[in-house]
Amino acid sequence: MGKMGDYWASQCGNPRGFIGKIVTWAMNRANSVMYRGIITRMKPHDSMRILDIGFGNGYLEKLIYKQAKCQIEGVDISEDMVNVATKNNKEAVSKGMAHFAIGDCCDLAFDDFSFDVVTTMNTIYFWDDTIKGLKEIHRVLKKGGVFYNAVLTKESLDSVFYTKNGFKKFEEKEYVQMGKEAGFSYISITPLGHKYGLLIEYKK
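Numbered by my numbering, the letters in the sequence shown go through residues -1 to 202 in order.
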C-alpha cells in the first residue's frame, strides 16, 4: 500500500487531473458535516469578505453564495482546481463576487486586515510551515475576524491507510497552542460528527 497510499495522500494535498476531480468530489460528500459546521457558525451575510484557503472544486463557495452574496477570494496550490472551481462557480465569478487563484497560505498576496472571515477544510496537514500559515491568516484578518479551520480528528486520520505519509496530524491541544503562538486571542473547538471532525475557531 506504500506507493498507492503516497499517491492518494498527494492527491488530497494537491488535487490534479481526472483523479483530483474524483478525490474532491468524494471529499465533498464525505465531509458534508464539516461544510455544515462552517456555514452554521459563519452565518454568511452580504457585506462579508471571505478568504477560502485550499478551495478544491469550489463546493464551499457554492454553499456560501446560495445564502449570501459575499465577496469571496480563494487560493489553492492546484492550477487544475482553480479552473474547476471557477467553472463550478461561474455565476459568482461572472458577477465579480468570487475569484480563484493560485496561492499559498504561508505567503498570502493580500493586505493586512483584508477579510472578515478566513476558512479552510482539511488543508492544515499539508502546510509547509504551520505556524507561518496561521500567522499569515492572522495578518489578513480584520480585528475581530474569525478563522474557521475544519479538520478531521487525529483518530479519523489514523483510520485510513493513505495518511501514514504526507500528513501532519495534530491533537486538539496542539491546535490551541499553535493558534496562541500565531497571535489569536480566542480559540474554541467544536466536535463535528461522532469523533469524525473538529471545527476550530480562531478569533483575532
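Idealized CB from N, CA, C, for every residue including glycine.
Check: Inter-residue spacing [alpha-carbon to alpha-carbon] between lysine 130 and lysine 67; Outcome: 31 Å
Check: Opening and closing residue of the beta strand (DSSP E) in which tyrosine 146 lies; Outcome: 139 to 150
Check: Reduced DSSP secondary structure (H/G/I, E/B, other) of threonine 121; Outcome: coil
Check: Own chain, CB closer than 6 Å to aspartate 127, minus 5 neighbours either side, in chain order; Outcome: Cys104
Check: Closest residue to methionine 119 among Lys60, Gly52 and Asp102 (Cα-Cα distance); Outcome: Gly52
Check: Other residues of its chain near tryptophan 23: CB distance less than 8 Å, five sequence neighbours each side excluded; Outcome: Any reading at tryptophan 23 must be qualified, since the residue scores a pLDDT of 45, below 50, and its modelled position is unreliable; no value is offered.
Check: Outcome for glutamate 199 when other beta-carbon atoms lying within 10 angstroms are tallied against a minimum of 16; Outcome: buried
Check: Cβ pair glycine 94, aspartate 114 closer than 8 Å; Outcome: no
Check: Backbone secondary structure at alanine 180 - three-state DSSP; Outcome: helix
Check: Inter-stretch contact at 8 Å, needing at least 3 Cβ pairs: the stretch 73 to 81 / the stretch 145 to 156; Outcome: no
Check: Buried or exposed by the 16-neighbour rule on C-beta atoms within 10 Å, applied to tyrosine 57; Outcome: buried
Check: Residue environment, isoleucine 135, which counts as buried when at least 16 other CB atoms sit within 10 Å; Outcome: buried
Check: Spatial neighbours of methionine 176 in its chain, beta-carbon cut-off 8 Å, leaving aside the 5 residues before and after; Outcome: Thr128, Ile129, Leu132 and Phe168
Check: Cross-strand partners of lysine 201 (DSSP beta bridge); Outcome: Val144 and Tyr184
Check: Range covered by the beta strand (DSSP E) that runs through isoleucine 48; Outcome: 47 to 51
Check: Rounded straight-line distance, which links the Cα of isoleucine 62 to that of phenylalanine 111; Outcome: 21 Å
Check: Aspartate 78: first and last residue of the uninterrupted alpha helix (DSSP H) it sits in; Outcome: 77 to 86
Check: Nearest-angstrom Cα separation, counted from serine 30 out to proline 87; Outcome: Here the sequence assigns asparagine to residue 87, which means proline is not the residue at that position. C-alpha separation (whole angstroms): 18 Å.
Check: Those residues which DSSP pairs with phenylalanine 113 across a bridge; Outcome: Leu139
Check: Inter-residue Cα distance where the pair is alanine 90 and isoleucine 36; Outcome: 20 Å
Check: For serine 186, the nearest candidate out of Leu196, Glu179 and Ala180 (CA to CA); Outcome: Leu196
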